[in-house]
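Colleague: Counting in the UniProt record's numbering, the sequence shown runs from 1 upward without gaps. Ideal Cβ placement from N, Cα and C applies to all residues, glycine included.
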Amino acid sequence: MEVSNHYVTIKHDINGSPAESDFELRTATLALAVLGGSKDVIVKNLYVSIDPYQLNRMKSDSSSRIVSNSSTRIVPGQAINAHGVGRVVASDNPEFEIDDFVVGLLGWEEYSVVKGGDTLSKISSTEFPLSLYAGIFGTSGLTAYVGFFNVCKPKKGEKVFVSAASGSVDMLKDQLGFDNAFNYKEETDLKSTLKRSGYFPDGIDIYFDNVGGEMLEAAVANMNAFGRVALCGVISEYTDKGRKAAPDMLDVVYKRISINGFLLVDYLHMFGEFMSIISEHLRHKRMHALEDVSQGIESVPSAFVGLFRGLNVGKKLVELDKHRVMLEMTMWTRSSCNTRPSLDINLMHYVKSIPTAVGDRVRSKTRWTRVLDLTRSLL
Numbered sequence: 001m002e003v004s005n006h007y008v009t010i011k012h013d014i015n016g017s018p019a020e021s022d023f024e025l026r027t028a029t030l031a032l033a034v035l036g037g038s039k040d041v042i043v044k045n046l047y048v049s050i051d052p053y054q055l056n057r058m059k060s061d062s063s064s065r066i067v068s069n070s071s072t073r074i075v076p077g078q079a080i081n082a083h084g085v086g087r088v089v090a091s092d093n094p095e096f097e098i099d100d101f102v103v104g105l106l107g108w109e110e111y112s113v114v115k116g117g118d119t120l121s122k123i124s125s126t127e128f129p130l131s132l133y134a135g136i137f138g139t140s141g142l143t144a145y146v147g148f149f150n151v152c153k154p155k156k157g158e159k160v161f162v163s164a165a166s167g168s169v170d171m172l173k174d175q176l177g178f179d180n181a182f183n184y185k186e187e188t189d190l191k192s193t194l195k196r197s198g199y200f201p202d203g204i205d206i207y208f209d210n211v212g213g214e215m216l217e218a219a220v221a222n223m224n225a226f227g228r229v230a231l232c233g234v235i236s237e238y239t240d241k242g243r244k245a246a247p248d249m250l251d252v253v254y255k256r257i258s259i260n261g262f263l264l265v266d267y268l269h270m271f272g273e274f275m276s277i278i279s280e281h282l283r284h285k286r287m288h289a290l291e292d293v294s295q296g297i298e299s300v301p302s303a304f305v306g307l308f309r310g311l312n313v314g315k316k317l318v319e320l321d322k323h324r325v326m327l328e329m330t331m332w333t334r335s336s337c338n339t340r341p342s343l344d345i346n347l348m349h350y351v352k353s354i355p356t357a358v359g360d361r362v363r364s365k366t367r368w369t370r371v372l373d374l375t376r377s378l379l
């Protein structure tokens with residue numbers, strides 16, 4: 001059997017801010033068959049993760065490629081691999097059978113051929129929605145976990161500052177339970193902003209940085225002695241248009257501030273611990289997963305570009321085939337009922353967001369934001 005496999009690629013190197021016109025949707029014919037002895041697996045992709053680090057792979061040159069195999073260059077015309085969730089449709093691998101749900105390195109495409117099945121893991125539990133394995137249970141969630149607990153090493157009572165291009169300040173305050181939040185794009189003096197009453201008048205002990213640039217400078221200027229900075233990303237510098245971060249090194253020296261960059265590949269051994277702890281938080285309603293889901297392979301370019309404009313609210317995913325995903329979820333839930341008869345099949349609901357201002361930008365389109373209401377997933 002052959003299928004038409006639609007995939008997203010770049011037309012050329014992207015050395016500045018990405019635009020939808022930098023991408024194109026291509027189609028290739030794919031035979032849903034694998035060679036005997038290859039251990040290859042073909043996956044029908046259901047969800048794919050949209051992550052800003054991919055932009056560094058799209059540049060003609062990036063220092064990230066020197067030290068990380070996960071940041072290999074994307075050649076124009078090439079399918080773009082990415083973390084995702086899917087269903088096995090063909091397999092020569094004894095670890096994976098047809099109709100198994102899997103998570104791993106798939107791609108911005110409808111079908112992925114995973115050579116040797118090396119980058120896949122079977123999803124055995126039916127307790128949580130499949131999309132979580134591309135989001136909070138995926139690379140983004142594990143990165144946050146190890147960055148905070150292993151790099152920052154928090155102590156009770158310490159003051160924590162997290163920067164993120166999340167798109168909605170109210171979401172940060174009301175949904176995620178932070179004490180306070182502000183839109184850094186609306187502030188003209190970030191150093192003074194952080195000192196305000198209600199933010200960090202007594203200084204910062206831990207800074208988890210996703211932004212870089214002037215935000216990093218402001219955080220370092222407001223840090224207490226022996227403060228710790230975890231550098232997870234520098235999205236403000238990915239487009240090469242923002243001013244590079246230049247924190248006051250005298251502050252770093254005299255305050256004895258530790259600044260640590262880290263990569264997820266160094267902490268993959270912690271995945272079991274991470275899954276156990278985060279599952280418990282979700283199971284007992286101490287944590288909720290917020291996802292921003294776009295529909296269809298053709299929405300990948302706009303979803304990716306939106307990351308750099310602050311348009312996402314929660315973890316950005318693309319659902320490649322809504323009707324098929326809902327069918328898969330029904331099958332998934334029914335299979336779980338064999339062992340969990342009290343499982344509520346209504347695992348999710350949709351909230352339609354109205355156009356809202358983000359800094360000086362206005363969202364031009366109404367988007368669907370998926371909110372996974374895990375309080376209803378277990379009775």
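Leaving out the 5 sequence neighbours to the left and right, which residues in its chain are closer than 8 Å to residue 174 when beta-carbon positions are compared?
Modeller: Taking the sequence shown and counting its residues from 1, the one referred to as residue 174 is at position 174. Unreliable positioning characterises residue 174 in this predicted model, as indicated by a pLDDT of 48, which lies under 50. The coordinate reading is nonetheless provided below. There are no such residues.
Colleague: Buried or exposed: residue 129, going by 16 or more other Cβ atoms within 10 Å of its Cβ?
Modeller: Reading the sequence shown from its first residue, position 129 is the one you call residue 129. The residue in question, residue 129, is buried, as its Cβ has 16 or more Cβ neighbours within 10 Å.
Colleague: Considering only residues of the UniProt domain "Alcohol dehydrogenase-like C-terminal" (159–278), which uninterrupted beta strand (DSSP E) runs meet the minimum length of 3 residues and lie entirely inside it, listed in chain order?
Modeller: You should have 160–162, 204–209, 223–231 and 258–261.
Colleague: Mind checking whether residue 318 and residue 293 have CB atoms under 9 Å apart?
Modeller: Taking the sequence shown and counting its residues from 1, the one referred to as residue 318 is at position 318. Taking the sequence shown and counting its residues from 1, the one referred to as residue 293 is at position 293. Cβ atoms of residue 318 and residue 293: closer than 9 Å.
Colleague: So the beta strand (DSSP E) residue 295 belongs to, where does it begin and stop?
Modeller: As a working note, residue 295 is residue 295 in the sequence shown. Looking at the DSSP string, the run of the beta strand (DSSP E) that includes residue 295 is 289–295.
Colleague: Are the Cβ atoms of residue 208 and residue 147 separated by less than 9 Å?
Modeller: Along the sequence shown, read from residue 1 onward, the residue named residue 208 stands at position 208. Along the sequence shown, read from residue 1 onward, the residue named residue 147 stands at position 147. Cβ distance < 9 Å, so residue 208 and residue 147 count as in contact.
Colleague: Residue 312: which of 291, 299 and 296 sits nearest, CA to CA?
Modeller: Mapped onto the sequence shown, residue 312 falls at position 312. That would be 291, whose Cα lies nearest to the Cα of residue 312.
Colleague: Just reading off the alpha helix (DSSP H) that residue 55 is part of, what are its end residues?
Modeller: Indexing the sequence shown from 1 puts residue 55 at position 55. Per DSSP, residue 55 belongs to the alpha helix (DSSP H) from 54–58.
Colleague: Hey, which unbroken runs of the alpha helix (DSSP H) at 4 residues or more fall wholly within the UniProt domain "Oxidoreductase N-terminal" (8–118)?
Modeller: Listed in chain order, they are 54–58 and 64–67.
Colleague: CA-CA distance, residue 222 and residue 191?
Modeller: To locate residue 222, count along the sequence shown from 1; it is residue 222. To locate residue 191, count along the sequence shown from 1; it is residue 191. Each residue's Cα considered, the two are about 7 Å apart.
Colleague: Check whether the stretch 57–64 and the stretch 122–142 are in contact - that is, three or more C-beta pairs closer than 8 Å.
Modeller: As far as the Cβ criterion goes, the stretch 57–64 does not touch the stretch 122–142, which means the pair count is below three.
Colleague: Identify the continuous beta strand (DSSP E) that holds residue 307 and give its terminal residues.
Modeller: If you number the sequence shown from 1, residue 307 lands on position 307. Note, residue 307: premise wrong, no beta strand (DSSP E); alpha helix (DSSP H) at 300–307.
Colleague: Straight-line CA distance for residue 381 to residue 54?
Modeller: The requested residue 381 is not part of the displayed model; the chain covers only 1 to 379.
Colleague: On the criterion of 16 or more Cβ atoms from any shown chain inside 10 Å, does residue 155 qualify as buried, or is it exposed?
Modeller: Here residue 155 refers to the residue found at position 155 when the sequence shown is read from its first residue. Residue 155 comes out exposed.
Colleague: Taking the beta carbon of residue 245 as the centre, do at least 16 other beta carbons fall within 10 Å, making it buried, or is it exposed?
Modeller: In the sequence shown, the residue the question calls residue 245 occupies position 245. With 16 or more other Cβ atoms within 10 Å, it is buried.
Colleague: The alpha helix (DSSP H) spanning residue 140 covers which residue range?
Modeller: Taking the first residue of the sequence shown as position 1, residue 140 is located at position 140. Start and end: 139–146.
Colleague: Could you have a look at residue 320 and say whether DSSP puts it in helix, strand or coil?
Modeller: Here the question's residue 320 lines up with position 320 in the sequence shown. Looking at residue 320 - three-state DSSP - the assignment turns out to be coil, as it is neither helix nor strand.
Colleague: Using three-state DSSP, classify residue 348 as helix, strand or coil.
Modeller: On the sequence shown, residue 348 is found 348 positions in, with the first residue counted as 1. Unreliable positioning characterises residue 348 in this predicted model, as indicated by a pLDDT of 31, which lies under 50. The coordinate reading is nonetheless provided below. Of the three classes helix, strand and coil, the one that applies to residue 348 here is coil, per DSSP.
Colleague: Which residue or residues does DSSP assign as beta-bridge partners of residue 5?
Modeller: Your numbering for residue 5 matches position 5 in the sequence shown. Paired residues: 28.
Colleague: Where DSSP assigns a beta bridge to residue 315, which residues make up the other side?
Modeller: Residue 315 sits at position 315 when you count from the first residue of the sequence shown. Looking at the DSSP assignment, residue 315 forms a beta bridge with 291.
Colleague: Taking the CB atoms as reference points, tell me whether residue 383 and residue 220 lie closer together than 9 Å.
Modeller: Here the chain has residues from 1 to 379 only, and residue 383 is not among them.
Colleague: With a cut-off of 8 Å on the beta carbons, I'd call residue 6 and residue 297 a contact; round off their distance for me.
Modeller: Counting from one through the sequence shown, the residue named residue 6 turns up at place 6. Counting from one through the sequence shown, the residue named residue 297 turns up at place 297. The pair is a contact, with the Cβ atoms about 5 Å apart (cut-off 8 Å).
Colleague: Within this structure, are the beta carbons of residue 92 and residue 159 separated by less than 9 Å?
Modeller: Residue mapping note: residue 92 aligns to position 92 of the sequence shown, counting from 1. Residue mapping note: residue 159 aligns to position 159 of the sequence shown, counting from 1. Not in contact: residue 92 and residue 159 (Cβ atoms no closer than 9 Å).
Colleague: So, with DSSP's three-state summary, where would you put residue 121?
Modeller: In the sequence shown, residue 121 corresponds to position 121, counting from 1. Here residue 121 sits in strand by DSSP.
Colleague: Exposed or buried, residue 250, counting other C-beta atoms within 10 Å across all chains shown (16 or more means buried)?
Modeller: As a first step, residue 250 is located in the sequence shown; it is residue number 250 there, counting from the start. With fewer than 16 other Cβ atoms within 10 Å, it is exposed.
Colleague: Look at residue 14 and residue 113 and say whether their C-beta atoms are less than 9 Å apart.
Modeller: For the purposes of this step, residue 14 is taken as the residue at position 14 of the sequence shown. For the purposes of this step, residue 113 is taken as the residue at position 113 of the sequence shown. No, they are not a contact pair.
Colleague: Looking at residue 77: is its Cβ nearer than 9 Å to the Cβ of residue 10?
Modeller: Working through the sequence shown from its first residue, we reach residue 77 at position 77. Working through the sequence shown from its first residue, we reach residue 10 at position 10. Result yes, Cβ atoms of residue 77 and residue 10 sit closer than 9 Å.
Colleague: At the level of alpha carbons, what is the spacing between residue 348 and residue 38?
Modeller: Along the sequence shown, one-based indexing puts residue 348 at 348. Along the sequence shown, one-based indexing puts residue 38 at 38. Note on residue 348: pLDDT 31, under 50, position unreliable in the model; the coordinate value appears next. Roughly 38 Å between the two C-alpha positions.
Colleague: With distances taken Cα to Cα, identify the nearest neighbour of residue 134 among 122, 49, 195 and 74.
Modeller: Within the sequence shown, residue 134 is the residue found at index 134, counting from 1. Ranking 122, 49, 195 and 74 by Cα distance to residue 134 puts 49 first.
Colleague: Cβ atoms of residue 301 and residue 22: under 9 Å apart, would you say?
Modeller: As a first step, residue 22 must be located in the sequence shown, where it is residue number 22. As a first step, residue 301 must be located in the sequence shown, where it is residue number 301. Against a cut-off of 9 Å, the Cβ pair of residue 301 and residue 22 comes out as a contact.
Colleague: Roughly how far, in whole angstroms, is the beta-carbon of residue 274 from the beta-carbon of residue 145, given that I think they are within contact range, below 8 Å?
Modeller: As a position in the sequence shown, residue 274 is number 274, starting the count at 1. As a position in the sequence shown, residue 145 is number 145, starting the count at 1. Yes, residue 274 and residue 145 are in contact; Cβ-Cβ is about 5 Å, under 8 Å.
Colleague: Looking only at its own chain, which residues have a Cβ that is under 7 Å from the Cβ of residue 170, when we skip the five neighbours before and after it?
Modeller: The count along the sequence shown starts at 1 and reaches residue 170 at position 170. Low per-residue confidence applies at residue 170: pLDDT is 44, beneath 50, and the placement is therefore not dependable, though the value from the model is reported in the following sentence. Closer than 7 Å at Cβ, skipping near neighbours: no residue.
Colleague: For residue 198 and residue 180, which I take to be in contact (beta-carbon distance under 8 Å), what is that distance rounded to the nearest angstrom?
Modeller: Within the sequence shown, the letter at position 198 stands for residue 198. Within the sequence shown, the letter at position 180 stands for residue 180. Right, their Cβ atoms sit about 5 Å apart.
Colleague: List the whole-angstrom C-beta distance separating residue 380 from residue 47, where the pair is believed to meet the contact cut-off of C-beta under 8 Å.
Modeller: Given that the chain is displayed from residue 1 to residue 379, the structure contains no residue 380 and the question cannot be resolved.
Colleague: For the putative contact between residue 96 and residue 117, defined by C-beta atoms under 8 Å, what is the C-beta separation to the nearest angstrom?
Modeller: As a working note, residue 96 is residue 96 in the sequence shown. As a working note, residue 117 is residue 117 in the sequence shown. Correct: roughly 6 Å between the Cβ atoms.
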